[in-house]
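Visitor:
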Amino acid sequence: MVRLDRITTGGGDRGETSLADGSRVPKHAPRVAAYGTVDEVNCLLGLVRLEVLPAGLAAEVQRLQQELFDLGADLATPLGDPEKEEHLPRIGAGHVQRLEGLIAAATERLEPLTSFILPGGSRAAATLHLVRTVARRAERTVIEARVSEESAGRQTFNPHALTYLNRLSDLCFVWARLCNDGGREDILWTPYRGDHDPVPG
418 MVRLDRITTG GGDRGETSLA DGSRVPKHAP RVAAYGTVDE VNCLLGLVRL
468 EVLPAGLAAE VQRLQQELFD LGADLATPLG DPEKEEHLPR IGAGHVQRLE
518 GLIAAATERL EPLTSFILPG GSRAAATLHL VRTVARRAER TVIEARVSEE
568 SAGRQTFNPH ALTYLNRLSD LCFVWARLCN DGGREDILWT PYRGDHDPVP
618 G
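Per our numbering, the very first residue in the sequence shown carries number 418; after that it's consecutive.
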């Protein structure tokens, strides 16, 4: 259990923050940007839970929020002493496989996809599309942070973290379609070819 006795410490007033291993880094450091963007994803999932969702989805969204806290802690803790690793929250292959199972289960309930779709339909679907895009941004920030450290000769990122974010974005896409009556209320993209009104109606 984490105990927070003080929210305001003043320790970051000069533009630095502490990683979980105690090291100090600038607040604009790529690693900080990575777990900060994961926090954005988590906040948006909180908005998703306020919507009317298909049966069982609210509980799964809340579980994702718990896992995203683990992911944030993972990203805030550079890989280090193996003896200490067992006490740290790390995203593993099992987390990724669970998301893949959720994607497969949701996909079975969807109408076949015949075109790209526009974000929208229901408010829950639109919000999940927003989560999807921020998860992709989080993925890019993790890649940037990893490349930055690798160029300095360090290998301190958990590879499962990146895979998890990749699957999370896919999951939010299929869940968005699920919230649009299994895809029946999806708004399909109509490419403009110059011979018709690109906006139906």
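Here a beta-carbon is modelled for each residue, glycine too, at the ideal position from N, C-alpha and C. Values in this document were obtained by computation on a predicted structure and should not be read as measured data.
1) In angstroms with no decimal places, state the Cα-to-Cα distance between residue 473 and residue 595.
2) State whether the region 549-561 contacts the region 597-611, with contact taken as three or more CB pairs (one from each stretch) at a distance under 8 Å.
3) Checking the sheet assignment: what are the DSSP bridge partners for residue 560?
4) Which residue or residues does DSSP assign as beta-bridge partners of residue 605?
5) Under 8 Å, do residue 549 and residue 586 count as touching if we go by C-beta distance?
6) If you count every other CB in all the chains shown that lies within 10 Å of the CB of residue 567, and 16 or more means buried, which is it?
7) Hey, residue 510 and residue 577 are a contact pair by Cβ (cut 8 Å); roughly how many whole angstroms apart?
8) From residue 447 to residue 588, what does the alpha carbon distance come to, in whole angstroms?
9) Return the chain-ordered list of same chain residues with a C-beta closer than 8 Å to the C-beta of residue 470, the five sequence neighbours on each side being excluded.
10) Between residue 481 and residue 462, which are expected to be in contact by the criterion C-beta below 8 Å, what is the C-beta distance as a whole number of angstroms?
11) Under DSSP, the alpha helix (DSSP H) around residue 577 begins and ends at which residues?
12) Relative to the C-alpha of residue 519, which candidate in 489, 476, 457 has its C-alpha closest?
13) What number of angstroms, rounded off, separates the C-alpha of residue 533 from the C-alpha of residue 605?
14) Need the endpoints of the alpha helix (DSSP H) that residue 513 sits in, please.
15) Output needed for residue 552: all residues of its chain with C-beta closer than 8 Å, excluding positions within five of it in sequence on either side, in chain order.
16) As an exercise, report each continuous alpha helix (DSSP H) stretch of at least 4 residues that is fully enclosed by the region 444-506, in chain order.
Guide: Once the coordinates are examined:
1) Counted from its first residue, the sequence shown places residue 473 at position 56. Counted from its first residue, the sequence shown places residue 595 at position 178. When rounded, the distance between both Cα atoms is 12 Å.
2) no
3) Counting from one through the sequence shown, the residue named residue 560 turns up at place 143. According to DSSP, residue 560 bridges with nothing at all.
4) For the purposes of this step, residue 605 is identified with residue 188 of the sequence shown, where counting begins at 1. In DSSP, residue 605 forms a bridge with 534.
5) The residue labelled residue 549 in the question sits at position 132 within the sequence shown. The residue labelled residue 586 in the question sits at position 169 within the sequence shown. Cβ distance < 8 Å, so residue 549 and residue 586 count as in contact.
6) In the sequence shown, the residue the question calls residue 567 occupies position 150. It is exposed - the Cβ of residue 567 has fewer than 16 other Cβ atoms within 10 Å.
7) Stepping through the sequence shown from its first residue, residue 510 is reached at position 93. Stepping through the sequence shown from its first residue, residue 577 is reached at position 160. Indeed, because the Cβ distance is near 6 Å, the residues count as touching under 8 Å.
8) Position 30 of the sequence shown, counted from the first residue, corresponds to residue 447. Position 171 of the sequence shown, counted from the first residue, corresponds to residue 588. Each residue's Cα considered, the two are about 25 Å apart.
9) As a first step, residue 470 must be located in the sequence shown, where it is residue number 53. Answer for residue 470: 478, 541, 596, listed in chain order.
10) Here residue 481 refers to the residue found at position 64 of the sequence shown. Here residue 462 refers to the residue found at position 45 of the sequence shown. Contact holds; Cβ gap of about 6 Å.
11) The residue you call residue 577 lines up with position 160 of the sequence shown. Element bounds for residue 577: 576-596.
12) Taking the sequence shown and counting its residues from 1, the one referred to as residue 519 is at position 102. The residue with the shortest Cα to Cα distance from residue 519 is 476.
13) For the purposes of this step, residue 533 is taken as residue 116 along the sequence shown, with counting starting at 1. For the purposes of this step, residue 605 is taken as residue 188 along the sequence shown, with counting starting at 1. Each residue's Cα considered, the two are about 6 Å apart.
14) The count along the sequence shown starts at 1 and reaches residue 513 at position 96. Here the alpha helix (DSSP H) through residue 513 covers 510-524.
15) As a working note, residue 552 is residue 135 in the sequence shown. Cβ neighbours of residue 552 beyond the five flanking positions: 458, 582, 585, 586, 589.
16) 447-465, 474-492, 499-502
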